[in-house]
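Numbering (the working numbering), first residue to last: 37 to 230.
The structure under discussion appears below in the form of structure tokens.
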């Protein structure tokens, strides 16, 4: 006798199959964004953004911008502010870039800032792009995508490739929905805030 001839599902088997289908169905429809951001190492993304920015600068005959903790802290605070507010902008209701980096200008230098957002662990669909759908699942992919976004915009590219920059700081914050908020700040002047 074959297995199918011997097996007759009873109430217990049916209940187990329904329970299993419920669990499998739930997992299958859960969006990656609802799983939280525990998988993305924000510090590593920040490091790679600086690395990729300096590679772009080198390709264009420019000197490296050295990482600066003060710029990074200010950029990180702004990235967190954008994440909490759900926006991407230089100005907020309670601050402007000068509030974050004015000490650079006050000491004889000047500053610049790029802001952006993207998604981690979710499909990103572009209507008009060579690659219509992206899925960023590693720190390197997220960082490279952020730098590529800035590089594809003339104004942001100009900020990254300003020959006067000597220092850079990057801040990354990730929402519970896995939206990545990024701030890249540059300074040309003395970098010790008073």
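No residue lacks a Cβ here, since even glycine has one placed at the ideal position from N, Cα and C.
Note that this is a predicted model, so its numbers are computed, not measured.
- The beta carbon of residue 220 lies closer than 6 Å to those of 150 and 206 in the same chain, with the five residues before and after it left out.
- A contact between stretches requires three or more CB pairs, one per stretch, nearer than 8 Å, and the segment 188-203 meets this requirement with the segment 89-106.
- Contact annotation, residue 93 with residue 100: C-beta distance approximately 7 Å; criterion of less than 8 Å satisfied.
- The three-state secondary structure of residue 153, taken from DSSP, is strand.
- Each residue's CA atom was taken as its position, placing residue 171 and residue 108 some 27 Å apart.
- Selection 222, 158 and 98 evaluated against residue 76 yields 158 as nearest (Cα-Cα).
- Bridge partners of residue 161 according to DSSP: 169.
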